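Trainee:
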Amino acid sequence: MHDIRAIRENPEAFDAALARRGLASLAGELLAVDEQRRAAITRAEGAQAEQNRASKEVGAAKARGDEGEFERLRALVAEKKAEVAAMRGEADAADARLQAMLAEIPNLPLAEVPEGADEADNVEVRRWGSPRNIETPREHFDIPAVQGGLDLPLAAKLSGARFMVLRASVARLHRALAQFMLDLHGGSHGLTEVWAPVLVRDEAMFGTGQLPKFAEDSYQTTNGWWLVPTSEVSITNFAAGEIYEAGDLPIRMVAHSQCFRSEAGSAGKDTTGILRQHQFEKVEMVTLCTPDQALAEHERMTGCAEAVLQALGLPYRVVVLCTGDMGFGAQKTHDIEVWLPGQGKYREISSVSTCGTFQARRMNARFRPEGGGKPEFIATLNGSGLAVGRTLIAVLENGQEADGSVSLPEVLAPYLGGAGQISAEGALV
RNA sequence: GGAGAGGUGCCGGAGUGGUCGAACGGGGCGGUCUCGAAAACCGUUGUGGGGGUGACCCCACCCAGGGUUCGAAUCCCUGUCUCUCCGCCA
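My numbering numbers the first residue of the first sequence as 6 and each following residue consecutively.
1. Per DSSP, what kind of secondary structure is V170 in: helix, strand or coil?
2. Are L413 and I398 close, meaning C-beta to C-beta below 9 Å?
3. Which stretch, first to last residue, makes up the beta strand (DSSP E) that contains S164?
4. Run through DSSP, which three-state label would N452 get?
5. When burial is assigned at 16 or more other CB atoms within 10 Å of the CB, is D340 buried or exposed?
6. Taking only runs of the beta strand (DSSP E) that begin and end inside the region 222-275, which ones reach a length of at least 3 residues, in chain order?
7. Just to confirm the assignment, what range does the alpha helix (DSSP H) spanning M290 have?
8. Pop quiz: P255 and C294 are said to be a contact at Cβ under 8 Å. What is the actual Cβ separation, rounded to whole angstroms?
9. Three or more C-beta pairs under 8 Å: does that hold for the region 401-410 against the region 268-287?
10. If we ignore side chains and look at the alpha-carbon of each, how far apart do S164 and A37 end up?
11. Residues bridged to R352 by DSSP?
12. Hey, would you say A244 sits closer than 9 Å to A335, going by beta carbons?
13. Should S464 be labelled buried (16 or more other beta-carbon atoms within 10 Å of its own) or exposed?
14. Any contact of the region 119-134 with the region 84-91, i.e. 3+ C-beta pairs under 8 Å?
15. Could you check what DSSP says for K218 in three-state terms: helix, strand or coil?
16. Per the DSSP calculation, Y321 is bridged to which residue(s)?
17. For Q2, does the count of other Cβ atoms within 10 angstroms reach 16, so buried, or fall short, so exposed?
18. Which of the three DSSP states is assigned to V416 in this structure?
19. So, A173 versus A432, is the Cβ gap smaller than 9 Å?
20. Taking Cβ to Cβ, would you say L196 is nearer than 9 Å to C309?
21. Can you name, in chain order, every residue of its own chain whose Cβ lies under 8 Å from the Cβ of I383, other than the five neighbours on each side?
22. From the DSSP output, read off the bridge partner residues of R371.
23. Mark R206 as exposed unless 16 or more other C-beta atoms lie within 10 angstroms of its C-beta, in which case mark it buried.
24. Which of the three DSSP states is assigned to I427 in this structure?
25. Give every residue of the same chain whose Cβ lies closer than 7 Å to the Cβ of V238, excluding the five residues on either side of it in the sequence, and list them in chain order.
26. What residues are listed by DSSP as bridge partners for Q184?
27. Which two residues bound the contiguous beta strand (DSSP E) that contains E109?
28. Give the DSSP-derived three-state secondary structure of C358 in the structure shown.
29. Using 10 angstroms around the beta-carbon of T385, count the other beta-carbons present and answer buried if the total reaches 16, otherwise exposed.
30. Going by DSSP, name the residue or residues bridged to E198.
31. I'd like to know if the region 11-27 and the region 48-61 are in contact, where contact means that at least 3 CB-CB pairs between them fall below 8 Å.
32. Report the three-state DSSP secondary structure of T277 (helix, strand or coil).
33. Quick check on V411: does DSSP put it in helix, strand or coil?
34. At 4 residues or longer, what runs of the alpha helix (DSSP H) sit wholly inside the region 31-111?
35. From this set, V400, S355 and R143, which residue's C-alpha is nearest V324's C-alpha?
36. Below 9 Å between beta carbons: does that hold for L319 and V357?
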């Protein structure tokens, strides 16, 4: 959510930033509505002040038994009251229009974000590791070791397309990955592990920016709760309405949750395998900090996500998203793409964004600056650390051997009863 | 799901129609006293919005939204959250 006062002070800069995102100018329209709104407020408050004055005098007139004055003031109050109601109505309507417009405008890219139209214009920042030389790489669902452990037809029977059933070694590996990530982030990375609801109210979805514009992308229960598309929604909204002390920031959290996405519009992409699911698990990092800490925290969080891939020995690259490819709430985003031998491509496995004060403004999340003073909006960041299902794919595909087995990263052994491999027959050994 | 009790400022807690943005206590901050500290005493202490170059002025907010009234923290309705008991349940 943007600050209308900032737009008022520098409409040209606002429109220029929108243009970088490929959007048309909006400042003129916004300021016109803002003008109407403020004019109506001024008139409403003027009338209200008069009404308040008259109201006070009514009591006094009554007390001294001045019936004539009493009746006159009463009539005056009634008149002002009607005037106030009319003006307030105008002000509220203008305000609602303004809020509705602002609520659908995406965050603006930082100056350092490369300009571009889509994915193709993202800029690679660095690479880590190099892909193994695999003779005839298979996609995860074709690897012999995985055959008994991944049952897509069964999932289809239960739920339809884009769901999965995992069994035995693969189910356990999936769980092991999530546990490993949580332990790593909660341990040496110093994040606080949290657990939060995945069913949330409208307000929470608005706060992080899923509503009002992207209602179609999420599922809603019959009684109105939303199933979160990422626990970023639940966790970032911890801050809603809060005023933190500057000294308490940054607050760094990590959670593991189910995520639900209806993926409207993506039909036809990645239809085989488990890359794109309606329900999946993700380990998510969220940081609440002051705006001037945000960029350093963004790098730190990216590093936390990379550490998971490094520990698992999975080759990846980090790209900075261009202006045209960034999400609604982001000011700057790093995507981390892991090497998938089966596709012979780097594919997104994590997305780390700083939202600046954009979400904080939507959810009224503030902090009191060092040494006191007026509360200011905090900055919020979120990043996957990592998407568990996609990590499963990456581990399986990168570890696949010519004999049909899969070699597993050593760091997972403690979570797998010491196993280091899934045999071609699907057993953990 | 049923029955009941409640939601007041940083915290505790008054306040059931009239000048209450809110008594009182605690906490915080500033000061007096002191070599310093404690104690004591004095003062101060919210958020949002509108207007003005400015000193400053105005409006709103006692969970939220409606309503009654000349006037509501106080009365009515709805929602919401918390607590207690019953039922159900992992």
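Heads up, the beta-carbon is just placed ideally off N, CA and C, and yes, glycines get one too. Just so we're clear, the structure is a prediction, and the values are computed from it rather than from any experiment.
Mentor: On the basis of the coordinates in this document:
1. On the first sequence, position 165 is the one that residue 170 refers to. Three-state DSSP puts V170 in coil, outside helix and strand.
2. By one-based count along the first sequence, residue 413 stands at place 408. By one-based count along the first sequence, residue 398 stands at place 393. Cβ distance not < 9 Å, so L413 and I398 don't count as in contact.
3. Within the first sequence, the letter at position 159 stands for residue 164. S164 -> no beta strand (DSSP E), and no H or E assigned at all.
4. Nothing about residue 452 can be read from this structure; the chain reaches only from 6 to 434.
5. Position 335 of the first sequence holds residue 340. Buried, because 16 or more other Cβ atoms sit within 10 Å of the Cβ of D340.
6. 248-250 and 256-265
7. The sequence position of residue 290 within the first sequence is 285, counting from 1. Careful: M290 lies outside any alpha helix (DSSP H), inside the beta strand (DSSP E) at Q284 to C294.
8. Here residue 255 is taken as the residue at index 250 of the first sequence, counted from 1. Here residue 294 is taken as the residue at index 289 of the first sequence, counted from 1. Right, the Cβ-Cβ distance comes to about 4 Å (below 8 Å), so this counts as a contact.
9. no
10. Against the first sequence, residue 164 aligns to sequence position 159. Against the first sequence, residue 37 aligns to sequence position 32. S164 and A37: Cα-Cα distance of roughly 49 Å.
11. Taking the first sequence and counting its residues from 1, one reaches residue 352 at position 347. R352 pairs with V343.
12. If you number the first sequence from 1, residue 244 lands on position 239. If you number the first sequence from 1, residue 335 lands on position 330. No.
13. The question about residue 464 has no answer, for the chain in this structure spans 6 to 434.
14. no
15. Counted from its first residue, the first sequence places residue 218 at position 213. Coil, per DSSP.
16. As a working mapping, residue 321 is identified with position 316 in the first sequence. Bridge partners of Y321: W133 and V343.
17. Nothing about residue 2 can be reported from this structure: the residues present for the chain run from 6 to 434 only.
18. One-based indexing of the first sequence puts residue 416 at position 411. DSSP places V416 in helix when its eight states are reduced to three.
19. The count along the first sequence starts at 1 and reaches residue 173 at position 168. The count along the first sequence starts at 1 and reaches residue 432 at position 427. A contact, by the Cβ cut-off of 9 Å.
20. Translated into the one-based positions of the first sequence, residue 196 becomes position 191. Translated into the one-based positions of the first sequence, residue 309 becomes position 304. For L196 and C309, yes; Cβs fall inside 9 Å.
21. For the purposes of this step, residue 383 is taken as the residue at position 378 of the first sequence. So the list reads A244, Y249, L254, L293, C294, T295, P296, T362, A365, A370, R371 and F372, once near-sequence residues are dropped.
22. Translated into the one-based positions of the first sequence, residue 371 becomes position 366. According to DSSP, which records beta bridges pairwise, R371 is partnered with I248 and F382.
23. As a working mapping, residue 206 is identified with position 201 in the first sequence. Classification for R206: exposed.
24. Residue 427 sits at position 422 when you count from the first residue of the first sequence. Strand, per DSSP.
25. Working through the first sequence from its first residue, we reach residue 238 at position 233. Contacts found: V205, A209, M210, T213 and Q215.
26. Reading the first sequence from its first residue, position 179 is the one you call residue 184. Answer is none; Q184 lacks a bridge partner.
27. Counting from 1 along the first sequence, the entry for residue 109 is found at position 104. Counting along the chain, E109 falls outside any beta strand (DSSP E), and DSSP gives it neither H nor E.
28. Locating residue 358 in the first sequence gives position 353, counting from the first residue. Strictly speaking, residue 358 in this sequence is Ser, with Cys absent from that position. Here S358 sits in strand by DSSP.
29. Translated into the one-based positions of the first sequence, residue 385 becomes position 380. Per the 10 Å Cβ criterion, buried.
30. Numbered from its first residue, the first sequence carries residue 198 at position 193. Paired residue(s): V259.
31. no
32. What you label residue 277 is simply residue 272 of the first sequence in a count that begins at 1. Here T277 sits in coil by DSSP.
33. As a first step, residue 411 is located in the first sequence; it is residue number 406 there, counting from the start. In this structure, V411 counts as strand in the three-state DSSP scheme.
34. 32-68 and 72-108
35. Position 319 of the first sequence, counting from 1, holds the residue named residue 324. Closest option to V324, Cα to Cα, is S355.
36. The sequence position of residue 319 within the first sequence is 314, counting from 1. The sequence position of residue 357 within the first sequence is 352, counting from 1. Taking 9 Å as the Cβ cut-off, L319 and V357 do not qualify as a contacting pair.
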